[in-house]
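Everything in the sequence shown is counted per the working numbering, starting at 3 for the first residue and increasing by one. Note that beta-carbon positions come from the ideal geometry of N, C-alpha and C, so glycine has one too.
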Amino acid sequence: MMDPSLIKRATLMEIEGVSLNDDTVENWDTLWAFKARPDDILISTYPKAGTTWIQEIVDMIQHRGDSQKCARAPVYQRFPFIDLFLPAPLVSGIDEAGTMPSPRTIKTHLQLKLLPPSFWEQNCKIIYVARNAKDNAVSYFHFHRMNKGMPEPGTWEEFLDNFITGKVAWGSWLDHVCGWWEAKDRHPILYLFYEDMKEDPLREIKKVAKFLGTQLTDSLLNQIVQHTAFESMKGNPMANYSTLPDFIMNHTVSPFMRKGLVGNWKEHFTVAQSERLDDAFAEKLRSSGLTFRTQL
Ligand code: PPS
Numbered sequence: 003m004m005d006p007s008l009i010k011r012a013t014l015m016e017i018e019g020v021s022l023n024d025d026t027v028e029n030w031d032t033l034w035a036f037k038a039r040p041d042d043i044l045i046s047t048y049p050k051a052g053t054t055w056i057q058e059i060v061d062m063i064q065h066r067g068d069s070q071k072c073a074r075a076p077v078y079q080r081f082p083f084i085d086l087f088l089p090a091p092l093v094s095g096i097d098e099a100g101t102m103p104s105p106r107t108i109k110t111h112l113q114l115k116l117l118p119p120s121f122w123e124q125n126c127k128i129i130y131v132a133r134n135a136k137d138n139a140v141s142y143f144h145f146h147r148m149n150k151g152m153p154e155p156g157t158w159e160e161f162l163d164n165f166i167t168g169k170v171a172w173g174s175w176l177d178h179v180c181g182w183w184e185a186k187d188r189h190p191i192l193y194l195f196y197e198d199m200k201e202d203p204l205r206e207i208k209k210v211a212k213f214l215g216t217q218l219t220d221s222l223l224n225q226i227v228q229h230t231a232f233e234s235m236k237g238n239p240m241a242n243y244s245t246l247p248d249f250i251m252n253h254t255v256s257p258f259m260r261k262g263l264v265g266n267w268k269e270h271f272t273v274a275q276s277e278r279l280d281d282a283f284a285e286k287l288r289s290s291g292l293t294f295r296t297q298l
């Protein structure tokens, strides 16, 4: 039985100017020394950009559409999350990764410049998913409300200001999506967009299978589309985080599988807030060449 008092809301600290939860910063040397293996697959995302969705897709591809095999454990145990450090007796992602046989698929939310160097040294394949800033911010706000390990979000207005200035866990959304975008031509990185996955999941799943070097029949690919559709994952206890106690994630405050939509931001942003975010991000996005769709 887990002790509820072990779970405390994080406070923010910084590494190289990037805000991170205090537990991550306190364990920074361990994280930086992480030893990637050449056959590791890394899933990298800004928080709430579609991590769990791509994790389930990758697991289904790796298990050739066998949903029973993907139900072997909750998603947070199938994919070690190396930047999450939990109080004992809970097992942190790094320790879980250390005992996991290869091939491993690892989760991170780290900014490019903070990725442990062994991933580059081992030339690991990396799948990155980016999501438009507005839907990403809304999802992150509700996640802070329901996840008792995240910092206090404050009001939506306060949270949005912090999101725009990068004063949230894992730092600036803008630096994150741009940093990984700039690196994608120098390293084996498949850069995907949440909006593309919503628009045509079959097309995007085929890209992932090709990147992983897995050939699948149309019938298996369609099974993967079904299994990883929002409603299927929302009802799948091995994918929807419902197996965690509610003193960690309280789904009655806001479910982990909340809306799963492109454009839900319109129900949260005022016109002024939308313009503020556009103004803050436009110039760097323009010079990066990155474009995002905020509706389909
Ligand atoms: S985390 O905590 O960073 O790992 O969260 P993450 O999985 O990145 O993001 C959760 C959001 O992704 C939505 N989601 C999906 N959308 C569409 N289809 C599928 N299958 C899917 N699975 C998860 C989830 O609902 C969260 O977004 P919001 O907008 O809050 O609904």
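- Taking 8 Å as the cut-off, one finds no heavy atom of the ligand PPS near enough to the beta carbon of Lys268.
- Per DSSP, Leu298 is not a residue of any beta strand (DSSP E), being assigned neither H nor E.
- Set against 8 Å, the gap from the CB of Phe161 to the closest heavy atom of the ligand PPS is not smaller.
- Annotation for Met251: no beta strand (DSSP E) segment contains it, and DSSP assigns it neither H nor E.
- The beta carbon of Lys50 sits closer than 8 Å to at least one heavy atom of the ligand PPS.
- Annotation: Ala185 to Ile191 spans about 8 Å, alpha carbon to alpha carbon.
- Under the DSSP definition of a beta bridge, Tyr130 partners with Ser46 and Tyr193.
- Distances from the CB of Thr53 to the heavy atoms of the ligand PPS include at least one below 8 Å.
- A direct Cα-to-Cα measurement between Asn164 and Ser221 gives close to 45 Å.
- Collapsing the DSSP output to three states places Leu14 in a strand.
- Taking non-hydrogen atoms of the ligand PPS into account, the C-beta of Glu201 is found less than 8 Å away from none of them.
- The C-beta of Met62 has 16 or more other C-beta atoms within 10 Å across all chains shown, which makes the residue buried.
- Between the C-alpha atoms of Ala99 and Leu33 there is a straight-line separation of about 12 Å.
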